[in-house]
Amino acid sequence: MLKPIEWDDEKKELILIDQRKLPHKLEYFICRSYKDVAYAIKEMVVRGAPAIGISAGYGLALAEIYGDNIYKAYETLKNTRPTAVNLFWALDRCLKAYKEGKNILDEAKKIHKEDIETNKKIGKIGEKIIDDGDNILTHCNAGALATSMYGTALSVIRFAHYNGKNIFVIVDETRPRLQGAKLTAFELKYENIPFRVITDNTAGFLMSLGKVDKIVVGTDRILKDGTVYNKIGTYSLAILAKYHNIPFYVAAPLSTFDLKSKEDDIVIEERDEKEVAYIDGVRIVPEGVRCYNYAFDKTPPNLITGIITEKGIIKPNEKEIMSLFD
Ligand code: MRU
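The numbering used here applies: residue 2 is where the sequence shown begins, and numbers increase by one.
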């Protein structure tokens with residue numbers, strides 16, 4: 002089983018799979034300071050909402066271990082990526098522990114351990130929506146690599162497969178960073194789950210042919226009203242799903258819910274235009290041409306069939322969301 006994040010207690014190091022190198026090379030990126038962790042999050046050595054949160058927790062622990070200013074480290078880690086709420090959730094939890102005189106490392110380890118259990122629950126609960134013979138489309142990478150283990154959307158797919166359901170996965174390549182083509186494909190191949198990769202613009206055509214039975218994606222943030230922020234392209238998929246009457250599910254742990262913010266508060270990350278202009282180091286648009294590079298988009302609740310959490314499957318509305326936190 003892939004473990005993208007590991008803590009070495011002896012060496013006091015955070016060991017991350019360098020996701021920039023996958024699928025061709027399985028290399029590790031060692032973090033020995035909170036600054037290394039901040040770099041790793043910003044540059045997407047580690048990515049995916051829960052994985053970013055867990056790593057940031059260890060980052061703050063490294064700051065404590067090496068006697069750095071905790072508040073400065075907190076700010077640096079907080080300013081790495083703006084959209085995934087798990088980053089702020091984990092940092093706030095670790096800072097609270099610190100203020101209560103507890104050890105930050107213990108809290109970071111707790112977050113890490115809890116995430117494994119949570120993802121397992123999401124998979125076991127969520128796999129019930131999958132029928133034998135389903136073709137399931139997924140976007141980006143919401144797998145083990147985006148979390149501690151199992152993943153969220155991919156945990157649902159994994160457990161359907163583990164339970165003997167005959168499933169087939171359709172993987173959106175997910176331009177520009179190709180998390181689908183590179184990371185989800187790497188995970189599914191590793192697990193021998195049948196799949197094919199498609200270009201993002203093939204999804205609608207496959208739906209029109211009746212070749213998509215269900216869509217399951219992850220998310221970076223869910224608001225109280227059920228609005229879902231996820232990898233750019235999710236919104237288009239949800240609209241296509243509605244048109245073709247295909248169930249559209251979002252899988253997420255409770256740590257991805259943001260009960261405080263409103264839509265206007267959310268910053269959609271805009272990354273370097275070069276990520277669009279170049280593919281694997283080769284420029285594909287003419288010199289001097291500008292590109293849009295929004296990393297995430299926003300999907301309204303009326304396009305979402307259900308949200309799969311570790312506490313059950315709910316409808317995307319305030320009443321059901323709030324009931325998760327009772
Ligand atoms: O830019 P990334 O690769 O960090 O974006 C990841 C996603 O959008 C995932 O779908 C989301 O974080 C959920 S991961 C379980």
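No residue lacks a Cβ here, since even glycine has one placed at the ideal position from N, Cα and C.
Contact test: residue i Cβ vs the ligand MRU heavy atom, cutoff 8 Å
{"i": "T119", "result": "no"}
{"i": "A1", "result": "Given a span of 2 to 327 for the chain in the structure shown, any question on residue 1 remains unanswerable."}
{"i": "P177", "result": "no"}
{"i": "V218", "result": "yes"}
{"i": "H113", "result": "no"}
{"i": "R94", "result": "no"}
{"i": "C141", "result": "yes"}
{"i": "T200", "result": "no"}
{"i": "A85", "result": "yes"}
{"i": "I6", "result": "no"}
{"i": "G152", "result": "yes"}
{"i": "M45", "result": "yes"}
{"i": "K299", "result": "no"}
{"i": "P24", "result": "no"}
{"i": "N80", "result": "no"}
{"i": "K232", "result": "yes"}
{"i": "A91", "result": "no"}
{"i": "D221", "result": "yes"}
{"i": "I126", "result": "no"}
{"i": "P317", "result": "no"}
{"i": "A147", "result": "yes"}
Beta-carbon separation (whole angstroms), residue i vs residue j, contact threshold 8 Å
{"i": "N136", "j": "K212", "result": "6 Å"}
{"i": "T300", "j": "A239", "result": "5 Å"}
{"i": "K95", "j": "G58", "result": "Residue identity differs from the one stated: residue 95 is Cys in this sequence, not Lys. About 5 Å; that satisfies the 8 Å criterion."}
{"i": "S209", "j": "H162", "result": "So it is not a contact: roughly 26 Å between Cβ atoms."}
{"i": "K232", "j": "T175", "result": "6 Å"}
{"i": "P51", "j": "N87", "result": "5 Å"}
{"i": "D173", "j": "A204", "result": "6 Å"}
{"i": "R291", "j": "E274", "result": "6 Å"}
{"i": "I1", "j": "K225", "result": "In the structure as shown, the chain starts at 2 and stops at 327, and residue 1 therefore has no counterpart that could be examined."}
{"i": "L146", "j": "V170", "result": "Not quite, the Cβ-Cβ distance comes to about 15 Å (not below 8 Å), so this is no contact."}
{"i": "G219", "j": "P317", "result": "G219 to P317, Cβ: 15 Å. No contact."}
{"i": "M45", "j": "R197", "result": "Not quite, the Cβ-Cβ distance comes to about 25 Å (not below 8 Å), so this is no contact."}
{"i": "I16", "j": "D9", "result": "6 Å"}
{"i": "T235", "j": "D281", "result": "Contact doesn't hold; Cβ gap of about 24 Å is too wide."}
Sequence-distant residues of the same chain with beta carbon closer than 7 Å to residue i, five excluded per side
{"i": "K22", "result": "E28"}
{"i": "P83", "result": "V268, E270"}
{"i": "A85", "result": "A50, I53, D221, R222"}
{"i": "K183", "result": "L23, P24"}
{"i": "L241", "result": "A204, G205, M208"}
{"i": "A154", "result": "T139, A143, V217, V218, G219, A252"}
{"i": "S262", "result": "L224"}
{"i": "K166", "result": "I131, D133"}
DSSP bridge partner residues for residue i (one or two, in chain order)
{"i": "E270", "result": "BP columns for E270 are empty, so no partner."}
{"i": "T139", "result": "V172"}
{"i": "K232", "result": "F297"}
{"i": "C32", "result": "L15"}
{"i": "A74", "result": "Bridge partners of A74: none, in fact."}
{"i": "F258", "result": "I223"}
{"i": "R284", "result": "Y279"}
{"i": "V251", "result": "V218, I308"}
{"i": "G144", "result": "G152"}
Contact set for residue i: own chain, Cβ-Cβ below 8 Å, skip 5 residues either direction
{"i": "N367", "result": "With the chain covering 2 to 327 only, the question about residue 367 has no answer from this structure."}
{"i": "V157", "result": "I123, G124, G127, E128, I130, I131, V217, Y250, A252, I309"}
{"i": "S34", "result": "L63, A64, Y67, D69"}
{"i": "K43", "result": "T81, R82"}
{"i": "L1", "result": "Outside the displayed range of the chain (2 to 327) lies residue 1, so it cannot be described from this structure."}
{"i": "E192", "result": "R159, H162"}
{"i": "A278", "result": "R284, I285, V286, V290, C292"}
Own chain residues within Cβ distance below 6 Å of residue i, not counting five before or after
{"i": "H113", "result": "I55, S149"}
{"i": "Q180", "result": "C141, N142"}
{"i": "T119", "result": "P254, E311"}
{"i": "K13", "result": "I66"}
{"i": "P248", "result": "K215, T306"}
{"i": "S256", "result": "N87, W90"}
Residue span of the alpha helix (DSSP H) that contains residue i, given as start and end
{"i": "G102", "result": "That residue, G102, is in no alpha helix (DSSP H); it is neither H nor E in DSSP."}
{"i": "G60", "result": "50-66"}
{"i": "L23", "result": "Where L23 is concerned, there is no enclosing alpha helix (DSSP H), given that its DSSP letter is neither H nor E."}
{"i": "K320", "result": "319-324"}
{"i": "K215", "result": "It is not in any alpha helix (DSSP H) - K215 instead sits in the beta strand (DSSP E) that spans 215-218."}
{"i": "Y191", "result": "186-191"}
{"i": "V157", "result": "154-163"}
{"i": "L207", "result": "204-209"}
{"i": "A278", "result": "275-278"}
Where the beta strand (DSSP E) through residue i begins and ends
{"i": "E14", "result": "14-18"}
{"i": "E7", "result": "6-9"}
{"i": "V198", "result": "196-199"}
{"i": "E313", "result": "For the sequence presented, residue 313 should be read as Gly rather than Glu. 313-315 is the span of the beta strand (DSSP E), which, as asked, contains G313."}
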